[in-house]
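Here's the structure we're looking at; comments come further down.
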Amino acid sequence: MTPDAFLTSLQRFGDVSYQQTPFWAEARRVDWPDYVPVGWYADGADPISVAIIRYRRIPGTKKRFAFIPYGPLIDWDNADISEQLSTLRSFLEANDVIGVRMLPYLSLRRWDNATVRAGLREPIARHFRDLAPDYTNPTALQLRAIMRDSGWIEKSAPQETHIDYGRFNFLLNLEDRTEDDILAGMHKTWRYNAKKASREGVKIELASIADVDDFQLLYTSTGNRNGFATLSTDFFRTMWTHLTQGLPGRFTTHFARFNGEVLGATTTARVSSTAECIHTATDTTNPRIKPSNALYLALIRQLLSEGAKSYDLGGVKDCLGLDMGGSGLVRFKTEMGADAHEYMGAWELPITPRTYAAFSHAVPAYNAARSRIDPLLASATRLHSRLPALARRDPS
């Protein structure tokens, strides 16, 4: 498919993630240099399913590894899944692919907000599995069974990764709700902190690509504090460029400023009726100020005015215990009134088993090295850009 034909086809599907767009594939070329939009066709001229497939070449060979993030876009309830997975495998085999990783954009289980709140008060609840889900999706259960029978292997996310592909996400329902409805569903402390931030003088502003250095600095600080991989200034600049051009008015970056200093930041993208938080960062040196509360409340107001039906607040770690790292983020999103969802997670299909096994063992080491080296390169680049100015300073 051409990129234009692919974008036109997106209108036929329900929830579509920004990760299933050519714009995001362009932004991630540093890690996945090649990509192709594809469609599954039956009898008509329109595709019945589509996907963006990214490729990474195996060094020294013509073989490639494929990745389908938050896709394919399929009518999971009505499609012949076995046939479509078989067609996908045949296509990949014909294109020198040794294996593929796929993250279906499909919720497996849901815990309502009240259930998660109760779980956070219960000392024996350490993980989401310790809570009975309020809903289990039969379509997702069927998909898991079909994928296992078709040779797919369920994978756990490496600990060093950032949470772009979180298995556990929080979604805030916006459909047919007013701002007052949403505020009423929040914990009183969350509402108080949002109002307190406004009283203290926190200002929310729309950022531009000129602010990318400030965003990257805050994001790196947040990543180092919370133990997830950071990203370079060049990546954020590339992302900003492609998503701004591809999703005009539907990709935004907001800053929360206090006394001129950026204390909070978040990037948001919306392709369909669901808006997704891409990256978020917070400064914690001044705990009295609550920039994140003010930031998210401003975004909720914006999304309500745009007619969005839900707000994906992004991934969290599977931790409910107060002593567990990452539980603070779970509590923050719960107190915002959002429901917790467990998604299908990552699945891999070995197509050439031996080559796939060797590649799979090498990737974690590569990613770990990148997570250490990229921040150093970014710091060196910033220092290099400052050298001319430093050299011009009067030594007296």
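For the sequence shown, position 224 (counting from the first letter as 1) is numbered 224 according to the UniProt record's numbering, and the numbering increases by one without interruption. C-beta atoms are modelled at their ideal positions from N, C-alpha and C, and glycine is treated no differently. No experiment lies behind these values; they were computed from the predicted model shown.
Quick check on the burial criterion: 16 or more other C-beta atoms within 10 angstroms. Buried or exposed for residue i?
i              : result
glutamate 175  : exposed
glutamate 348  : buried
lysine 317     : buried
asparagine 224 : exposed
glycine 314    : buried
serine 49      : buried
histidine 384  : Annotation note: pLDDT 48 at histidine 384 (below 50); position unreliable, coordinate value reported separately. That one is exposed.
tyrosine 41    : exposed
asparagine 286 : exposed
proline 248    : exposed
leucine 206    : exposed
proline 59     : exposed
threonine 282  : buried
alanine 338    : buried
serine 107     : buried
arginine 29    : exposed
tyrosine 192   : exposed
alanine 265    : buried
alanine 358    : exposed
arginine 109   : buried
arginine 331   : buried
arginine 167   : buried
leucine 218    : buried
Quick one: Cα of residue i to Cα of residue j, how far?
i                 : j              : result
lysine 62         : proline 353    : 16 Å
threonine 233     : glutamate 83   : 42 Å
serine 310        : tyrosine 18    : 14 Å
methionine 147    : isoleucine 153 : 8 Å
arginine 237      : alanine 210    : 9 Å
isoleucine 52     : proline 291    : 36 Å
arginine 129      : aspartate 43   : 43 Å
residue 400       : alanine 229    : Outside the displayed span of the chain (1 to 396) sits residue 400, for which this structure offers no information.
aspartate 214     : tryptophan 32  : 26 Å
aspartate 80      : glutamine 142  : 12 Å
phenylalanine 6   : proline 37     : 6 Å
leucine 304       : methionine 186 : 16 Å
residue 399       : isoleucine 278 : The first residue shown for the chain is 1 and the last is 396, placing residue 399 beyond what the model contains.
glutamate 306     : glycine 227    : 34 Å
leucine 299       : aspartate 181  : 15 Å
tyrosine 296      : serine 86      : 42 Å
valine 271        : alanine 194    : 28 Å
threonine 253     : leucine 231    : 16 Å
threonine 2       : threonine 178  : 39 Å
arginine 288      : alanine 132    : 36 Å
alanine 212       : threonine 222  : For the sequence presented, residue 212 should be read as valine rather than alanine. When rounded, the distance between both Cα atoms is 15 Å.
phenylalanine 235 : threonine 220  : 13 Å
tryptophan 111    : arginine 121   : 15 Å
glutamine 11      : glycine 39     : 14 Å
What are the boundary residues of the beta strand (DSSP E) that residue i is part of?
i              : result
glycine 343    : Per the sequence shown, residue 343 should be read as tyrosine rather than glycine. 339–343 is the extent of the beta strand (DSSP E) around tyrosine 343.
residue 405    : Because the chain in this structure spans residues 1 to 396, residue 405 falls outside the shown range and cannot be described.
aspartate 34   : 34–40
tryptophan 347 : 346–350
leucine 172    : 168–173
arginine 64    : 64–68
Going by the CB atoms, is the gap between residue j and residue i shorter than 8 Å?
i                 : j                 : result
leucine 172       : methionine 336    : yes
histidine 242     : glutamate 26      : yes
asparagine 169    : aspartate 15      : no
tyrosine 105      : tyrosine 70       : yes
phenylalanine 67  : arginine 89       : no
arginine 64       : valine 97         : yes
alanine 275       : threonine 284     : no
asparagine 293    : alanine 197       : yes
alanine 140       : leucine 320       : no
asparagine 113    : threonine 334     : yes
aspartate 34      : serine 9          : no
phenylalanine 251 : valine 262        : no
glycine 99        : tyrosine 356      : yes
glycine 246       : phenylalanine 13  : no
leucine 103       : glutamine 20      : no
alanine 346       : lysine 155        : yes
glycine 326       : phenylalanine 258 : no
Along the chain, where does the alpha helix (DSSP H) that runs through residue i open and close?
i                : result
leucine 181      : Rather than leucine, the amino acid found at residue 181 in this sequence is aspartate. 179–184 is the span of the alpha helix (DSSP H), which, as asked, contains aspartate 181.
arginine 144     : 138–149
lysine 155       : Run containing lysine 155: none in the alpha helix (DSSP H); it sits in the beta strand (DSSP E), 153–155.
phenylalanine 13 : Phenylalanine 13 -> no alpha helix (DSSP H), and no H or E assigned at all.
isoleucine 58    : Segment: none, isoleucine 58 is in no alpha helix (DSSP H) and carries neither H nor E.
alanine 27       : 22–27
isoleucine 81    : 81–93
leucine 329      : 327–335
Answer with yes or no whether the minimum CB distance from residue i to chain B is below 8 Å.
i             : result
glutamine 142 : Absent from the structure is chain B; it holds one protein chain and no more.
Just list the alpha helix (DSSP H) runs in the stretch 102–136, keeping only unbroken ones of 4 residues or longer that don't cross its boundaries, in chain order.
Within the stretch 102–136, the runs of alpha helix (DSSP H) that reach at least 4 residues and sit entirely inside it are, in chain order, 113–120.
What are the start and end residues of each continuous alpha helix (DSSP H) run of 4 or more residues lying completely inside the stretch 245–316, in chain order?
Entirely contained in the stretch 245–316, the alpha helix (DSSP H) runs reaching 4 residues are, in chain order, 291–306.
Threshold first: 3 residues or longer. Then list the beta strand (DSSP E) segments lying entirely within the stretch 189–246, N to C.
As far as the stretch 189–246 is concerned, its whole beta strand (DSSP E) runs of at least 3 residues are 203–206.
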